[in-house]
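Everything on this sheet refers to the single structure shown next.
Protein chains: 2
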Amino acid sequence: MSQAKAFSIGVDLGGTNLRIAAVSPQGELLEKIALDTEVKEGRERVIADMVGAIRDLQGRMRGASLAGIGIGVPGVINLATGMIRQSPNLPGWNEFPVRDDIERLLKAPVILENDANAAALGEHWVGAGKEVSGLCILTLGTGIGGGIILDGKIWHGQDGMGGELGHMTIDPNGALCGCGNLGCIEAYASATAILRMAHAAINVGRSPALRRAAEEVGELTAEIIYITAQQGDRVAREIFELVGRSLGVAIGNLVNIFNLPLYVLAGGVARGWDAFEAHLMDEVQKRSVVYRATQTRIEPSKLGAEAGLLGAAYLPFQAAASGAGAAAH
Amino acid sequence: MSQAKAFSIGVDLGGTNLRIAAVSPQGELLEKIALDTEVKEGRERVIADMVGAIRDLQGRMRGASLAGIGIGVPGVINLATGMIRQSPNLPGWNEFPVRDDIERLLKAPVILENDANAAALGEHWVGAGKEVSGLCILTLGTGIGGGIILDGKIWHGQDGMGGELGHMTIDPNGALCGCGNLGCIEAYASATAILRMAHAAINVGRSPALRRAAEEVGELTAEIIYITAQQGDRVAREIFELVGRSLGVAIGNLVNIFNLPLYVLAGGVARGWDAFEAHLMDEVQKRSVVYRATQTRIEPSKLGAEAGLLGAAYLPFQAAASGAGAAAH
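Right under this line is the structure:
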């Protein structure tokens, strides 16, 4: 197979969006298809949509050879079996042989990966971390995911559950997290947490600006709260200060633990970087002895929403290069 | 060189004690010399004592070949140069070529390593972790050190500062740590923290039992506070509950991050295991989604005070096995 004519398929299988791309060995996004994930229609329908889109892209790439398919999924993956162990966003997919099913339908090697791990790999391949040996990523969305790249490879841990960074306790008596714990970083720096704080402020009459914004748009979003903060509203600014300080505690801990060259913030909330960066950096500086003694970068994602898609597409190339074929290890 | 007749030298160079041992490739402690570290007499004197003891052991091991010398040091090591970057317990050693000096004097390869990293390696080689691929260790002494073994090797990070686990923030507005930060685990679970909490209780008249114990022995120690707790004193028990809960937050975070099979507690405070185990486990169970979903062991050190000595002795064997010679990587 000529490397120059190879391509791989990356899939970002989210609870809402299903995106499929053909990607070159150099990390160029060649072709892309964006669909809705028809979760309510059932697993078979989603897989049929995915397989149809991949065949469509294969047709467009005629003449080039498919190195394999990487699929990023919001959940815990059983790396040995290629099944999803748990995914709140994909009900009914638990313990279903996704990998084997798609391999059978497409006759191509398939690698399943957690979506935050895929995003970490994407940033390492062609994003913010393309010149470093390792990085941590926090994906700040509805929840907070995490991914860790050490010596160029995803750190999975013994059960594939490594990098569960969103549930780091940063305040032992702090806000209640969806996982049942008090004070997870997810309860402070996810879009859900930002909305919770804004609604609490509106409910006690603390922020007329946020109340007006909510009334105008019908439903608040983290982005609207960010815009309100940038317009100078004190309460919205305080919310993003808490986001930044909380992320600073979490990242300060990660810097002390790993001493990696780079920590990346991705996901929708990371687009509010301007509103929390100063607080985050202040906190890391105060809290991390390793940060103060080293050259450590803390940056927003460079690939944005494409990080997971590109990282998923890199999986088959990486497996081929390491001689492992399509077998996850 | 016949492997059966090889041995290595491990050195545990502490601020108070200097221990040197000859160790077999199977991890048997063959010969040991224990000295005081004459820090006040200066660096040259300490090195002369160390070199003298190593020559003594070489004499006793006549007929066997020396694979190399590993030295565990309480400080940050520059792995490339073999110099100590910073060590509060060894003033005057900063930026001094310890490794090259001892290699020159003894004509044998020398590897310098942080003492907690050496303890982690020792536990992995022949201690609590000899059947697992990786582990984290927390050494609970005057301060708290940390070491991380991933796929059988010490995780150093880009500057050799990885595994700085003692300064993980576990309570952002908590107790003041010696590093200047608020709420480091070191401010809750080191011997220093235990003494601080006991003295605070005595000063406000909360614990007659601890006051009596302090008067009897002249100076409180963490061990006496542990004994007082085991005798049923409520305040001493509360102190160890806080130790356990704080360690539970820290270890819960590490379990979520790494998903390793084993987390080890070492150092003097770990001998108080009975007084804090239940609180630690309760906290990890509540806080760590990964702990709840996996088989993860949390245990006291198996090698006790010998962990660092044995880990240091393993360094030359490991370097030889990985083909890296004595060069740190």
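For the protein sequence lines, the chains are Z and S, in the order given. Note that my numbering has the first sequence beginning at 602, numbered continuously upward. Note that my numbering has the second sequence beginning at 602, numbered continuously upward. Every residue gets a Cβ at the ideal spot worked out from N, C-alpha and C, and that includes glycine.
| Query | Result |
| --- | --- |
| As assigned by DSSP and simplified to three states, the class of E714/S | strand |
| Candidates G748/S, T822/S, G735/S, L848/S, of which the one nearest C785/S by Cα | L848/S |
| Alpha carbon of G578/S to alpha carbon of L861/Z, nearest angstrom | Given a span of 602 to 930 for chain S in the structure shown, any question on residue 578/S remains unanswerable. |
| V885/S: contacting residues in chain Z (beta-carbon distance under 9 Å) | Those do not exist, as V885/S stays about 10 Å from chain Z at its closest Cβ, beyond 9 Å. |
| Burial state of N715/S (16 or more Cβ within 10 Å) | buried |
| Same chain only: Cβ atoms within 6 Å of E696/S, ignoring 5 sequence neighbours per side | M684 |
| Under 9 Å by beta carbon: chain S residues contacting A894/Z | V677, R686, Q687, D760, M762 |
| Burial state of A830/S, where buried means 16 or more other Cβ atoms lie within 10 Å | buried |
| Cβ-based burial, E639/S [other Cβ within 10 Å; buried from 16] | exposed |
| Presumed contact (8 Å Cβ cut-off) between I825/Z and A814/Z, rounded CB distance | 5 Å |
| Interface residues of the segment 762-786 of chain S facing chain Z [CB-CB below 9 Å] | M762, G763, G764, E765, L766, G767, H768, M769, T770, I771, D772, P773, N774, G775, C780, G781, N782, L783, G784, C785 |
| Rounded C-alpha distance that separates N854/S from M769/Z | 5 Å |
| Distance between L751/Z and M798/S (C-alpha atoms, nearest Å) | 39 Å |
| Contact with chain Z by R898/S, beta-carbon distance below 8 Å | no |
| Beta strand (DSSP E) runs contained entirely in the segment 622-683 of chain Z, provided each spans 3 or more residues | 630-637, 666-674, 677-679 |
| Beta-carbon proximity check, P901/Z vs L863/Z, cutoff 8 Å | no |
| Bridge-paired residues (DSSP) for P901/S | L866/S |
| Test: V891/Z CB closer than 8 Å to a CB of chain S | yes |
| Where G926/S falls: helix, strand or coil (DSSP) | Its pLDDT being 44, under 50, G926/S is placed unreliably by the model, and nothing is read from it. |
| Contact set between G853/Z and chain S, taken where Cβ atoms lie within less than 7 Å | T770 |
| Below-8 Å beta-carbon distance, F877/Z vs any chain S residue | no |
| Of the residues L707/Z, I703/Z, V674/Z, V677/Z, the one placed nearest Q659/Z, counting alpha carbons only | L707/Z |
| Cβ neighbour criterion (16 or more within 10 Å) applied to L911/Z | buried |
| For T770/S, the three-state DSSP class (helix, strand or coil) | strand |
| DSSP state of S734/S mapped onto helix, strand, coil | coil |
| Limits of the alpha helix (DSSP H) - the one that F697/S falls within | No alpha helix (DSSP H) contains F697/S, which DSSP labels as neither H nor E. |
| Assigned secondary structure, R813/S (DSSP; H/G/I helix, E/B strand, else coil) | helix |
| Where L619/Z falls, given that 16 or more other Cβ within 10 Å makes a residue buried | buried |
| E732/Z versus A921/Z - alpha carbon distance | 21 Å |
| P692/Z at chain S interface by Cβ criterion, 8 Å | no |
| Interface partners of L861/S on chain Z, CB under 7 Å | G758, Q759 |
| Reduced DSSP category for G849/Z - H, G, I as helix; E, B as strand; rest coil | helix |
| Segment limits, alpha helix (DSSP H) that includes A871/Z | Element bounds for A871/Z: n/a, residue is neither H nor E. |
| Residue range of the unbroken alpha helix (DSSP H) whose run includes I803/Z | 792-804 |
| Contact with chain S by R646/Z, beta-carbon distance below 8 Å | no |
| CB contact check: I858/S to chain Z, cutoff 8 Å | yes |
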